[in-house]
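To get this note's numbering, take the position in the sequence shown, counting from 1, and add 5.
Backbone N, C-alpha and C fix where the C-beta goes; we use that ideal spot for every residue, glycine too.
Computed from a predicted structure; not experimentally measured.
Shown next, in structure tokens, is the structure this report addresses.
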Amino acid sequence: MASGESEQSTAGSLVREARHRRGLSQRELAKRAGVAQSTVATVEAGRRQPSFAMVEQLLGAAGFRLGTALVNAVRPSVLLEERRSEFEAVLARYPVINVWLFGSVARGEDRPDSDLDLLVELAPNSSVLDILDLDSELRDLLGCPVDVVTTADLDSNELLRCGVDRGPKRLAFAA
Numbered sequence: 006m007a008s009g010e011s012e013q014s015t016a017g018s019l020v021r022e023a024r025h026r027r028g029l030s031q032r033e034l035a036k037r038a039g040v041a042q043s044t045v046a047t048v049e050a051g052r053r054q055p056s057f058a059m060v061e062q063l064l065g066a067a068g069f070r071l072g073t074a075l076v077n078a079v080r081p082s083v084l085l086e087e088r089r090s091e092f093e094a095v096l097a098r099y100p101v102i103n104v105w106l107f108g109s110v111a112r113g114e115d116r117p118d119s120d121l122d123l124l125v126e127l128a129p130n131s132s133v134l135d136i137l138d139l140d141s142e143l144r145d146l147l148g149c150p151v152d153v154v155t156t157a158d159l160d161s162n163e164l165l166r167c168g169v170d171r172g173p174k175r176l177a178f179a180a
């Protein structure tokens, strides 16, 4: 973005790039999108702040889709603290005997892009589906990536054991 451009011109830059990648003129893009050529010109020039729907329409006419996603901006340790009771309620629904934190959260070094690493001891009657479902439910609850490792996984994987052995922190919860 040039120094004189505002954040509002980002939509125009996307539309211009999409049009150029497809080798389209403003007139051709406008025709495909069902809008006036002047609309494309003012959006690209940053003189008009288009709606999200208009940006999608113009990009779609050029054969592109705008990918958007919510990105977590809170450290997993904070999310865990804020949702501790719900976290414990989720654990209680699964055959979890013990749970430990390891990795960046346990070391107090987590960042918003960190995951929450959990070591869990499961009851003997548990299945792989329990692990997958637990991982998914915790990820949905906290809104951050969660990595569930079982104590059985540690017993069979030396490399994993080395990564977890750096001081897991046991979490107390009522099972």
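Within 10 angstroms of the Cβ of Ile136, are there 16 or more other Cβ atoms? Answer buried if so, exposed if not. Under this definition Ile136 is a buried residue.
Of the listed residues Arg21, Ser109, Val95, nearest to Gly51 (C-alpha basis): Checked all of Arg21, Ser109, Val95; the closest Cα to Gly51 is Arg21.
Let's see if you can read the secondary structure: which residues bound the alpha helix (DSSP H) around Arg80? No alpha helix (DSSP H) holds Arg80; DSSP gives it neither H nor E.
Within the same chain, show all residues whose beta-carbon is closer than 8 Å to that of Leu29, passing over the 5 residues directly before and after it, in chain order. Residues of the same chain with a CB within less than 8 Å of the CB of Leu29, apart from the 5 flanking positions on each side, are Arg37, Ala67 in chain order.
Using DSSP bridges, identify the partner residues of Val151. According to DSSP, Val151 bridges with Leu121.
In angstroms with no decimal places, state the Cα-to-Cα distance between Leu34 and Ala74. CA-to-CA, the gap between Leu34 and Ala74 works out to about 26 Å.
Spatial neighbours of Cys149 within its chain, please: C-beta separation below 7 Å, excluding the five flanking residues on both sides. Excluding the 5 residues flanking it on each side, Cys149 has same chain C-beta neighbours closer than 7 Å at Asn77, Pro81, Leu84, Asp120, Leu121, in chain order.
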